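Below: one structure, written as structure tokens.
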Amino acid sequence: MRLIFSSLLISLLLWGCTSPKTSYYKLNAEPIPVMTSVSNKMRIMVGPVSVPARMDRPQLVTQAAGSEVEVYEYHRWAGSLKGDVGRVISSNIARNLGAPNVWNFAQSTQAQYDYQVLIDVQNLESVQDGDVVVDVLWTIKPSAPVIKNQAQSARTKCVPQEIMGRSLVREPVSGSGFDALLSAQSRAFSKVGDDIARRFSESECRSPT
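Under the numbering used here, the first residue of the sequence shown carries the number 1, and numbering increases by one thereafter.
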């Protein structure tokens, strides 16, 4: 009887010491429509992506009062913040430009591209039941072959140049919990992709389509 009681006591103690279940999250990209024909043949590589050191960790991080941040040990990225940011932005560029050959640097071995988009996340502040604010510097860099081909082309006198831009986006968190927070982050980075795609469309120098 004493042995049974001791076993039950040990089981209860172990149950009480069990760590909470870890939840994993990702940013969601807007779906790319099926393209029956390809009119835009630009090859665009998005990345590398850099993020602030405090955000470059497996755990989710939110802004608390003042200068304090909260790191959630049991709420983590399924992959990485850098990888998700690159995936969402590249997806939105592809959707806006109608260009299927847009890929995330972190998820591809493809090395031949016409343009590279460097992403530097200066700030990401996320307040539960508040707002998500993202501040992103980005640079569109034409590849050396594109510059050479455009410079030698008889059809154009335009030589592609680097384009630098900055996107500051604020998105309200619609609801409570981490799902609502991550949804707001996804919308914010999607809008960064919209800004970059718009600059591609407005550029006077374009790769052959």
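Glycine residues also receive a C-beta, built at the ideal position from the N, C-alpha and C atoms.
Owing to the predicted nature of the structure, the values given are computational and were not obtained by experimental measurement.
For residue i, the first and last residue of its enclosing alpha helix (DSSP H)
i: I89; result: 81-97
Outcome for residue i when other beta-carbon atoms lying within 10 angstroms are tallied against a minimum of 16
i: N104; result: buried
i: Q161; result: exposed
i: N96; result: buried
i: V22; result: For the record, residue 22 in the displayed sequence is Thr; it is not Val. With fewer than 16 Cβ atoms within 10 Å of its Cβ, T22 is classed as exposed.
i: T36; result: Note that T36 has pLDDT 49, beneath the 50 cutoff, so the model's placement of it is unreliable and no number is given.
i: S174; result: exposed
i: A154; result: Caution applies to A154, whose pLDDT of 49 falls short of 50 and renders its modelled position unreliable; the value that the coordinates give is listed next. With fewer than 16 other Cβ atoms within 10 Å, it is exposed.
i: P208; result: For P208, the predicted structure reports a pLDDT of 46, less than 50, and the residue's modelled location is therefore unreliable. A value from the coordinates is still provided. P208 comes out exposed.
i: E171; result: buried
i: D179; result: exposed
i: N217; result: In the structure as shown, the chain starts at 1 and stops at 209, and residue 217 therefore has no counterpart that could be examined.
i: D84; result: buried
For residue i, three-class secondary structure by DSSP
i: R198; result: helix
i: G193; result: helix
i: R57; result: coil
i: S19; result: coil
i: Q112; result: coil
i: L118; result: strand
i: S203; result: coil
Residues bridged to residue i (per DSSP)
i: E73; result: DSSP lists no partner for E73.
i: N123; result: D135
i: T62; result: E70
i: K141; result: Q116
For residue i, the first and last residue of its enclosing beta strand (DSSP E)
i: G47; result: 44-50
i: N101; result: Note, N101: premise wrong, no beta strand (DSSP E); not H, not E.
i: E171; result: 163-172
8 Å Cβ cutoff met for residue i and residue j
i: S126; j: Q185; result: yes
i: V69; j: L27; result: no
i: V121; j: V136; result: yes
i: M45; j: Y113; result: yes
i: D195; j: S167; result: yes
i: G86; j: V134; result: no
i: E73; j: Q63; result: no
i: I32; j: A94; result: yes
i: A197; j: V169; result: no
Residue i Cβ short of 7 Å to the ligand MN heavy atom set
i: H75; result: The ligand MN is not part of the structure shown, which contains no ligands of any sort.
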